[in-house]
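Residue numbers (this note's numbering): 154 to 425.
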């Protein structure tokens, strides 16, 4: 079929490839304009929802029109590329800077297991830990279940080394992938974040109730704190609190914001 355009041979593949190129170009342009930032979302204590356990720093970019684009709209396209490693570096740099400026803050930052072997990312982490000795015990690194399982032995070794320095680790999106429990026993994650597909509407979904209770039991067996993601209403929040979840995260409590409370307080002090 020589001479036939690719889009006529396989329109779907052509459309996917075009979309991926567009996403890569958008993220690269944001990096060049230095329009990459973190949005902060609180993770609250289930038994005391007015108290924040820690914040999660979520990667955002601004497109050419100034719109804020969340990571979920581009992370899959860049995850396996060097651009994905660079974005991990930027997120870590910004998170470490925030921790250094806010001594009372505890913050989680997302990372890919692929970044463990990326020299710039490791240098960024080591410099941040050396710059402020309190940062390690206030830093949580979140690794998705699917990412951790790509190189489990490397993740286990990295966690062992960093946990001795005081860094905590969260297994993100638990339940979304296919965890090998042979490795799960070796990981020693500090926090287990249950994927939102099991949480949304849980108060009315008997199947998800059973599955979530099982995941909480697994976490307790391995001495991990539990976080329910995507909590969006009071009924779900109340149900989760009753079944023993430790922490809650979602729009019901607060949306991610690029203007967190500590920055707003600083601005008020400057204008006072």
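For every residue, glycine included, the Cβ atom is placed at its ideal position computed from N, Cα and C.
Below 8 angstroms, enough C-beta pairs join the region 366-381 and the region 397-406 to call them touching: three or more. Taking C-beta atoms as the reference points, residue 250 and residue 291 fail to come closer than 7 angstroms. Burial check for residue 241: the Cβ neighbour count within 10 Å reaches 16 or more, so the residue is buried. Contiguous beta strand (DSSP E) elements confined to the region 275-310 occur at 292-297, taking only those with 3 or more residues. For residue 392, the enclosing alpha helix (DSSP H) begins and ends at 387-395.
With a cut-off of 8 angstroms on Cβ pairs, the region 400-416 is in contact with the region 191-201, counting three or more such pairs.
Contact check for residue 356 against residue 306 fails: the beta carbons are separated by 7 angstroms or more.
In the DSSP annotation of this structure, the continuous segment of the beta strand (DSSP E) that includes residue 210 starts and ends at 201-215. Annotation: residue 365 to residue 344 spans about 15 angstroms, alpha carbon to alpha carbon. Here the alpha carbon of residue 231 sits roughly 22 angstroms from the alpha carbon of residue 323. Secondary structure at residue 263: strand, using DSSP grouped into helix, strand and coil. Assignment of residue 379 by DSSP, reduced to helix, strand and coil, places it in the strand class. Contact annotation: residue 339 and residue 308 have beta-carbon atoms that are not nearer than 7 angstroms.
Bridge partners of residue 242 according to DSSP: none are assigned.
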